[in-house]
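Residue numbering for the sequence shown follows our numbering, starting at 128 and increasing by one per position.
C-beta atoms are modelled at their ideal positions from N, C-alpha and C, and glycine is treated no differently.
Below is one structure, written out as structure tokens, with a few remarks after it.
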Amino acid sequence: MTGGGPRVAFFGSPAFALPVLDAIREHFQVVLVVAQPDKPVGRGLKLTPPPVAARAAELGLPLAQPKKLRGNAAFEATLRESGADVAVTCAYGKILPLSVLNIPRYGFLNTHTSLLPAYRGSAPIQWALVNGEAVTGTTIMQTDEGMDTGPVLLQEALPIAPDWTSLDLADALSAQASRLIVQALSNLDGLSPTPQDEARATHAPMLVKEDGFVRWGDTAAQIVNRSRGVAAWPQTTAFLGGARLKLGGLSVTAGSGQPGEVLGVTESGLTVAARDGAVLIRTVQPEARKAQPAHTWAQGAGVTRGTRLDVWEPTQS
Numbered sequence: 128m129t130g131g132g133p134r135v136a137f138f139g140s141p142a143f144a145l146p147v148l149d150a151i152r153e154h155f156q157v158v159l160v161v162a163q164p165d166k167p168v169g170r171g172l173k174l175t176p177p178p179v180a181a182r183a184a185e186l187g188l189p190l191a192q193p194k195k196l197r198g199n200a201a202f203e204a205t206l207r208e209s210g211a212d213v214a215v216t217c218a219y220g221k222i223l224p225l226s227v228l229n230i231p232r233y234g235f236l237n238t239h240t241s242l243l244p245a246y247r248g249s250a251p252i253q254w255a256l257v258n259g260e261a262v263t264g265t266t267i268m269q270t271d272e273g274m275d276t277g278p279v280l281l282q283e284a285l286p287i288a289p290d291w292t293s294l295d296l297a298d299a300l301s302a303q304a305s306r307l308i309v310q311a312l313s314n315l316d317g318l319s320p321t322p323q324d325e326a327r328a329t330h331a332p333m334l335v336k337e338d339g340f341v342r343w344g345d346t347a348a349q350i351v352n353r354s355r356g357v358a359a360w361p362q363t364t365a366f367l368g369g370a371r372l373k374l375g376g377l378s379v380t381a382g383s384g385q386p387g388e389v390l391g392v393t394e395s396g397l398t399v400a401a402r403d404g405a406v407l408i409r410t411v412q413p414e415a416r417k418a419q420p421a422h423t424w425a426q427g428a429g430v431t432r433g434t435r436l437d438v439w440e441p442t443q444s
């Protein structure tokens, strides 16, 4: 590398990656931005670029949006011709083949939102909250062909505030990742790769809709933690007589009863029993309607003390 630091190729797609891209641009030359292809969005299915692609276009940065990476000689040539010394990935969303990983002199650095080897995979922020973790963090790792299996270059813990949802935690981790990646890129020759301990590895698979379904047989704390983790998507869903209800503003409260049993309806919300304790629900959104205060919904739906919400349990595989 020569004066001005490394020339960087940036791979990312969602809004989460924007602060990281901006931080890199403040300190280094971004010679190529790579994002997922444009996708249909909204009711009109308008073809829309991911946020990182839109930002690159706005800034006039060279942009590539390959549909695939493996066996893509044209893209490999683009990356090679960019002259990137190093590439950075942040929520890019595609597995990188070895033929691509080997192009930059310093390879690929990945910003991962967990303290690896914990929570490898696509949803570490969400599962840390669902599992009630008090601390998570950011890892800057050297990317290899595995799923978040490469050696650790930098790592920093981040305490999780008790009331944070996945949206809040994503903001905090994005800021942390932005700072750490600049630190890593400023000292590429001085970083010491540390292999991950495979025996301690845990996984954070992509969320599915059912991950947002309330399990009234869980403890109140577990129900609230799940709600925090799925706040961005798929959100918290309960059922009454088979009809779906989106729930908001969940917190642990006092009470006891059969799981799913309504213990009270007040202006503060709907109190529903869990396996241990109870949950206060502040808003309810029935299907095809807007969210409303829980007590307003309850009055209209005839829900009173003793009503039992459907008890959903995941299918055992």
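So V351 and D338 are supposed to be a Cβ contact under 8 angstroms. How far apart are they, rounded?
As a working note, residue 351 is residue 224 in the sequence shown. As a working note, residue 338 is residue 211 in the sequence shown. In fact, because the Cβ distance is near 15 angstroms, the residues do not count as touching under 8 angstroms.
Here's a check: name, in chain order, each residue in its chain whose Cβ is nearer than 6 angstroms to the Cβ of G384, leaving out the five neighbours to either side.
In the sequence shown, the residue the question calls residue 384 occupies position 257. For G384, same chain residues with a beta-carbon under 6 angstroms away, outside a window of 5 residues either side, are L390, A400 in chain order.
For T276 and V215, I'd like the C-alpha separation in whole angstroms.
Numbered from 1 along the sequence shown, position 149 holds the residue referred to as residue 276. Numbered from 1 along the sequence shown, position 88 holds the residue referred to as residue 215. So the two alpha carbons sit approximately 16 angstroms from each other.
K221 in three-state terms, based on DSSP:
What you label residue 221 is simply residue 94 of the sequence shown in a count that begins at 1. Coil.
Under a three-way DSSP split, which group does G198 fall into?
Within the sequence shown, the letter at position 71 stands for residue 198. Here G198 sits in coil by DSSP.
For E388, which of helix, strand or coil comes out of DSSP?
Mapped onto the sequence shown, residue 388 falls at position 261. DSSP places E388 in strand when its eight states are reduced to three.
Cα-Cα, which of A288, R182, A304, M333 is closest to R446?
An answer regarding residue 446 cannot be provided, because it is not within the stretch 128 to 444 covered by the chain.
Quick check: what's the CA-CA separation for G264 versus I308?
On the sequence shown, residue 264 is found 137 positions in, with the first residue counted as 1. On the sequence shown, residue 308 is found 181 positions in, with the first residue counted as 1. Whole-angstrom Cα-Cα distance: 13 angstroms.
Near P261, which residues of its chain fall below 8 angstroms by C-beta distance, leaving aside the five closest residues on each side in sequence?
Position 134 of the sequence shown, counted from the start, is the residue given in the question as residue 261. The amino acid at residue 261 is misidentified as Pro; the sequence shows Ala. Cβ within range, chain order: P286, I287.
Can you name the start and end residues of the alpha helix (DSSP H) that R355 belongs to?
One-based indexing of the sequence shown puts residue 355 at position 228. If you look at R355, you'll find it in the alpha helix (DSSP H) that goes 347 to 356.
Segments of 3+ residues assigned as beta strand (DSSP E) that fall wholly inside the segment 268 to 346
Listed in chain order, they are 279 to 286.
Measuring alpha carbon to alpha carbon, tell me which of T393, A218, V227 ends up nearest R207.
Start at 1 with the first residue of the sequence shown, and residue 207 comes out as number 80. Taking only the C-alpha atoms, the option nearest R207 is V227.
Indicate the three-state DSSP secondary structure (helix, strand or coil) for S205 in the structure shown.
Counting from 1 along the sequence shown, the entry for residue 205 is found at position 78. According to the sequence shown, residue 205 is Thr rather than Ser. The DSSP-derived three-state label of T205 is helix.
Tell me, please, whether the segment 218 to 226 touches the segment 192 to 202 by the rule of three or more beta-carbon pairs shorter than 8 angstroms.
Taking one beta carbon from each stretch, the segment 218 to 226 and the segment 192 to 202 have 3 or more pairs nearer than 8 angstroms; the two touch.
Under 8 angstroms, Cβ to Cβ, is there at least one residue of chain C near G396?
Chain labels in this structure do not include chain C; a single protein chain is all it has.
Taking the C-alpha atoms as reference points, what is the distance between V158 and I151?
Numbered from its first residue, the sequence shown carries residue 158 at position 31. Numbered from its first residue, the sequence shown carries residue 151 at position 24. C-alpha separation (whole angstroms): 11 angstroms.
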